[in-house]
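Protein chains in written order, with our numbering: chain A, 38 to 274; chain B, 17 to 455.
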């Protein structure tokens with residue numbers, strides 16, 4: 038460790054830790070404590086109530102992330118097309134361990150657009166819904182760059198042989214930022230294949246990602262991953 | 017990381033050789049500073065170039081370190097607030113006596129610069145993991161302020177991305193390199209305390225952020241022009257809420273969308289030191305039991321698989337400063353904090369080092385930054401590397417979840433899930449607002 042000297046140590050600065058500046062009081066309409074104690078049936082009622090405010094529905098979504106179950110899915114899914122509430126709806130849906138969530142997200146792929154579509158795709162990727170991978174393969178070529186990038190990322194997260202096939206095909210057909218995103222997604226997909234024991238497919242993906250026409254950070258990562266996997270003590274012999 | 021020499025075509029070689037031939041015809045004057053021949057000079061080719069993203073008051077401490085080093089330069093700043101961009105630029109330009117510091121309203125432009133080797137990420141907490149992943153994907157080395165993550169899943173994604181791209185990552189958990197803390201940790205690791213029994217980490221005091229965050233919103237105010245404050249970018253991965261200047265002025269802590277609460281705020285420093293003392297950088301505690309309401313005092317009793325206990329507590333310290341830690345073994349104990357003072361059991365008093373001269377807090381940050389810079393040069397892992405930071409934060413998030421639920425939880429480090437507690441497992445992650453994601 039370099040010995041500190043007067044020339045190298047920055048001058049002392051006044052510390053401001055430990056004190057909270059004053060903030061404006063929270064208005065009653067923005068106080069969430071009551072909603073955050075409710076159970077699922079009451080929260081679903083709030084979502085369905087046309088008189089509920091944006092704040093109330095947003096917080097109902099967040100509480101449903103903790104306590105929601107299958108019966109909350111329709112009310113949450115109905116908000117996936119709401120400009121302000123779509124992200125809150127995904128927040129509430131994503132942790133619910135019921136296949137109806139995946140059905141709802143897949144169903145929303147054809148109903149929403151733009152950022153909302155990108156968000157739905159992100160949640161599909163989070164849940165690693167393999168049933169969506171062919172729909173995502175089409176969205177990979179969407180005219181909206183945000184949607185296309187979300188699609189490649191989700192395909193990478195889902196991983197598996199079909200994901201690898203789609204990404205390899207995408208690397209031939211795309212260019213620029215989308216191709217860079219496909220390459221990055223390829224790394225994620227390859228890791229998933231390696232973890233599931235499909236070394237052959239993983240190495241095939243790493244081999245393509247190691248080529249000179251791949252962005253440098255991905256290329257180096259692919260080469261490093263190949264060497265690490267080939268030399269790991271726990272590798273199959 | 018292994019690098020392969022890039023293939024050069026014959027045409028490229030011929031073109032380069034012709035250019036070199038043309039240059040060779042002209043007299044060449046090379047300043048001695050370029051060759052590092054002036055005493056103390058570092059050739060520009062050996063300088064590590066940094067950019068800063070979201071440099072607020074805390075980030076300025078890191079920028080000040082960079083500005084004081086001969087082997088590093090600060091080249092660019094990206095911030096959603098134009099007043100911060102201009103302040104950082106004027107500070108940097110004044111130091112270097114030029115006008116070279118570039119300003120960007122978006123991080124993308126900064127990260128696209130091939131000359132930038134590394135970045136300082138000093139945004140609000142909500143951005144720490146997504147921005148670190150974006151920087152890793154761009155091949156940049158990363159110094160990121162703590163807390164490093166908002167959830168258990170973010171902690172995992174952070175470690176995966178850094179490992180995947182092979183960049184050097186240093187979390188802003190600078191006390192890992194502070195001399196008094198290093199002394200205490202080495203007493204524990206080296207066996208001088210005997211078999212470790214209990215590690216204590218300061219979980220904050222009653223005057224700072226309580227453990228549990230709020231879901232409230234501040235009153236809505238008109239959004240400023242985008243070129244003044246880009247509110248959408250400021251929110252980043254957090255869900256939309258109406259604008260209020262207090263958030264942007266630094267008063268975002270305490271809100272669920274932006275902050276992990278007091279346990280993360282303090283534990284990212286203090287529990288982190290306990291992790292290292294217990295040689296537990298690759299794991300986290302397996303049991304968490306909270307005691308106390310959302311006020312002071314409160315305790316969270318944790319236990320590692322190796323039997324060592326970890327206690328998050330906000331009271332009962334010896335007054336050695338903020339971020340205190342105490343390590344107890346069956347052969348003695350040590351306690352220290354941000355004042356730099358160290359107290360030990362009677363039998364260990366002969367081990368005490370002489371007091372460090374100078375401001376302990378500033379020196380600690382300087383040592384941490386030197387550690388990071390040397391590791392960039394050598395491609396080693398710095399003291400607060402991504403895996404260590406990730407596991408510290410997973411432990412703190414688990415402690416917070418136990419505290420929030422008000423019940424004992426068991427954590428499986430191998431499976432990265434809570435055992436038999438679906439409600440707790442649902443709290444391991446949260447959705448991000450597009451286009452920000454964790455891959």
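The beta carbon of each residue, even a glycine, is placed where N, CA and C say it ideally should be.
query: When Cβ atoms are compared, which residues of the stretch 87 to 115 of chain A fall closer than 8 Å to chain B?
result: Cβ contacts with chain B: 92, 95, 96, 99, 102, 103 and 104.
- prompt: Using a C-beta to C-beta distance shorter than 7 Å, which residues of chain A count as neighbours of residue 153 of chain B?
  reply: Residue mapping note: residue 153 of chain B aligns to position 137 of the second chain, counting from 1. Near residue 153 of chain B (Cβ distances below 7 Å), the residues of chain A are 221 and 254.
message: Measuring only the C-alpha atoms, how far is residue 250 of chain B from residue 351 of chain B?
response: For the purposes of this step, residue 250 of chain B is identified with residue 234 of the second chain, where counting begins at 1. For the purposes of this step, residue 351 of chain B is identified with residue 335 of the second chain, where counting begins at 1. C-alpha separation (whole angstroms): 39 Å.
- request: Return no unless some Cβ of chain D is closer than 7 Å to the Cβ of residue 183 of chain A.
  value: The structure shown contains no chain D; its protein chains are A and B.
message: Below 9 Å on C-beta distance, what does residue 160 of chain A contact in chain B?
response: Along the first chain, read from residue 1 onward, the residue named residue 160 of chain A stands at position 123. What residue 160 of chain A touches in chain B: 447.
- prompt: Taking any Cβ of chain B, which residues in the stretch 232 to 246 of chain A have a Cβ under 9 Å from it, in chain order?
  reply: none
- request: Quick one: using the 10 Å Cβ neighbour count with 16 as the cut-off for buried, is residue 163 of chain A buried or exposed?
  value: Start at 1 with the first residue of the first chain, and residue 163 of chain A comes out as number 126. Buried.
message: Please list the terminal residues of the continuous alpha helix (DSSP H) segment that includes residue 170 of chain A.
response: Counted from its first residue, the first chain places residue 170 of chain A at position 133. Residues 170 to 176.
- request: State the DSSP-derived secondary structure class of residue 164 of chain B, mapped to helix, strand or coil.
  value: As a first step, residue 164 of chain B must be located in the second chain, where it is residue number 148. Residue 164 of chain B: coil per DSSP, three-state reduction.
message: Please state the DSSP three-state secondary structure of residue 249 of chain A.
response: Numbered from 1 along the first chain, position 212 holds the residue referred to as residue 249 of chain A. Coil at residue 249 of chain A, not helix or strand.
message: Using C-beta distances below 8 Å, list every residue in its chain close to residue 380 of chain B, excluding the 5 sequence neighbours before and after it, in chain order.
response: In the second chain, the residue the question calls residue 380 of chain B occupies position 364. So the qualifying residues of the chain are 190, 191, 193, 194, 195 and 197.
field: Buried or exposed by the 16-neighbour rule on C-beta atoms within 10 Å, applied to residue 435 of chain B
entry: By one-based count along the second chain, residue 435 of chain B stands at place 419. It is exposed - the Cβ of residue 435 of chain B has fewer than 16 other Cβ atoms within 10 Å.
- prompt: What's the C-alpha gap between residue 43 of chain A and residue 385 of chain B?
  reply: Translated into positions along the first chain, residue 43 of chain A becomes position 6. Translated into positions along the second chain, residue 385 of chain B becomes position 369. Confidence at residue 43 of chain A is low in this model, with a pLDDT of 34, below 50, so the placement of that residue should be treated as unreliable; the coordinate-derived value is given next. Computed Cα separation, rounded: 16 Å.
- prompt: Would you call the CB atoms of residue 87 of chain B and residue 113 of chain B closer than 7 Å?
  reply: For the purposes of this step, residue 87 of chain B is taken as the residue at position 71 of the second chain. For the purposes of this step, residue 113 of chain B is taken as the residue at position 97 of the second chain. When the beta-carbon positions are compared, residue 87 of chain B and residue 113 of chain B stay at least 7 Å from each other.
field: Strand pairing of residue 130 of chain A, partner residues [DSSP]
entry: By one-based count along the first chain, residue 130 of chain A stands at place 93. Per DSSP, none; premise fails for residue 130 of chain A.
message: For a quick check, are the C-beta atoms of residue 163 of chain B and residue 276 of chain B less than 7 Å apart?
response: Working through the second chain from its first residue, we reach residue 163 of chain B at position 147. Working through the second chain from its first residue, we reach residue 276 of chain B at position 260. Yes; because the gap between Cβ atoms is below 7 Å, this pair is in contact.
- request: Would you identify the three-state DSSP class for residue 360 of chain B, choosing helix, strand or coil?
  value: Translated into positions along the second chain, residue 360 of chain B becomes position 344. Of the three classes helix, strand and coil, the one that applies to residue 360 of chain B here is strand, per DSSP.
message: In this structure, how does DSSP classify residue 201 of chain B when only helix, strand and coil are distinguished?
response: Taking the first residue of the second chain as 1, we reach residue 201 of chain B at position 185. Residue 201 of chain B: helix per DSSP, three-state reduction.
query: For residue 142 of chain B, which option in B:423, B:358, B:155 and B:166 has the closest C-alpha, if you only look at C-alpha atoms?
result: On the second chain, residue 142 of chain B is found 126 positions in, with the first residue counted as 1. Considering only alpha carbons, the answer is B:166.
query: With C-beta atoms as the reference, is residue 253 of chain B less than 7 Å away from residue 448 of chain B?
result: By one-based count along the second chain, residue 253 of chain B stands at place 237. By one-based count along the second chain, residue 448 of chain B stands at place 432. Yes, these two residues count as a Cβ contact at 7 Å.
task: Kindly list, in the order they appear in chain B, the residues whose Cβ is closer than 7 Å to that of residue 155 of chain A.
output: Within the first chain, residue 155 of chain A is the residue found at index 118, counting from 1. The answer, in chain order, is 450 and 451.
- prompt: Which runs of the beta strand (DSSP E) spanning at least 3 residues fall entirely within the stretch 304 to 353 of chain B, listed in chain order?
  reply: 315 to 319, 325 to 329, 341 to 345 and 348 to 352
task: Using a Cβ-Cβ cut-off of less than 7 Å, list which residues of the stretch 64 to 85 of chain A approach chain B; keep chain order.
output: 64, 67, 68, 69 and 73
query: How many angstroms separate the CA atom of residue 187 of chain A from the CA atom of residue 193 of chain A?
result: Sequence index remark: in the first chain, residue 187 of chain A carries index 150 (1-based). Sequence index remark: in the first chain, residue 193 of chain A carries index 156 (1-based). If you draw a straight line from the Cα of residue 187 of chain A to the Cα of residue 193 of chain A, it comes to about 10 Å.
task: Closer than 8 Å by beta-carbon distance: list the chain A residues that pair up with residue 455 of chain B, in chain order.
output: Within the second chain, residue 455 of chain B is the residue found at index 439, counting from 1. Taking a Cβ-Cβ cut-off of 8 Å, the neighbours of residue 455 of chain B in chain A comprise 162, 190, 193, 194, 221, 222 and 225, given in sequence order.
message: Measuring CB atoms only, is the stretch 93 to 105 of chain A touching the stretch 437 to 445 of chain B, in the sense that at least three cross pairs come out at less than 8 Å?
response: Under the Cβ criterion (8 Å, minimum of three pairs), the stretch 93 to 105 of chain A counts as touching the stretch 437 to 445 of chain B.
- request: Keeping to the same chain, check which residues put their C-beta closer than 8 Å to that of residue 49 of chain A; ignore five residues upstream and five downstream.
  value: In the first chain, counting from the first residue as 1, residue 49 of chain A sits at position 12. With a pLDDT of 37 at residue 49 of chain A, under the threshold of 50, the modelled position of that residue is not reliable, and the figure given next carries that caveat. If we look at residue 49 of chain A and ignore the five residues flanking it on each side, it has no Cβ neighbours.
Spatial neighbours of residue 148 of chain A in its chain, beta-carbon cut-off 7 Å, leaving aside the 5 residues before and after: Residue 148 of chain A sits at position 111 when you count from the first residue of the first chain. Excluding residues within five positions, the ones whose Cβ falls inside 7 Å are 118.
query: Looking only at its own chain, which residues have a Cβ that is under 6 Å from the Cβ of residue 326 of chain B, when we skip the five neighbours before and after it?
result: Position 310 of the second chain, counted from the start, is the residue given in the question as residue 326 of chain B. Correct list, in chain order: 215, 290, 301 and 318.
- prompt: Are any of the Cβ atoms in chain B nearer than 7 Å to that of residue 261 of chain A?
  reply: Here residue 261 of chain A corresponds to residue number 224 of the first chain, with the count starting at 1. So, interface residue.
task: Flag this pair as touching only if the stretch 257 to 271 of chain B and the stretch 229 to 241 of chain B have three or more C-beta atom pairs under 8 Å; answer yes or no.
output: Yes, they touch.
query: Since residue 131 of chain A meets chain B, which of its residues come closer than 7 Å, beta carbon to beta carbon?
result: Counting from 1 along the first chain, the entry for residue 131 of chain A is found at position 94. Per Cβ cutoff of 7 Å: 447.
message: Cβ closer than 7 Å: which chain B residues qualify as neighbours of residue 60 of chain A?
response: Residue 60 of chain A sits at position 23 when you count from the first residue of the first chain. Those within 7 Å of residue 60 of chain A in chain B are 234, 262 and 267.
query: Is the stretch 333 to 351 of chain B close to the stretch 238 to 248 of chain B, with three or more CB pairs under 8 Å?
result: no
CA-to-CA distance, residue 278 of chain B to residue 340 of chain B, given in whole angstroms: The sequence position of residue 340 of chain B within the second chain is 324, counting from 1. The sequence position of residue 278 of chain B within the second chain is 262, counting from 1. So the two alpha carbons sit approximately 14 Å from each other.
message: Between residue 121 of chain A and chain B, is any beta-carbon pair separated by less than 7 Å?
response: To locate residue 121 of chain A, count along the first chain from 1; it is residue 84. By this cut-off, residue 121 of chain A is an interface position.
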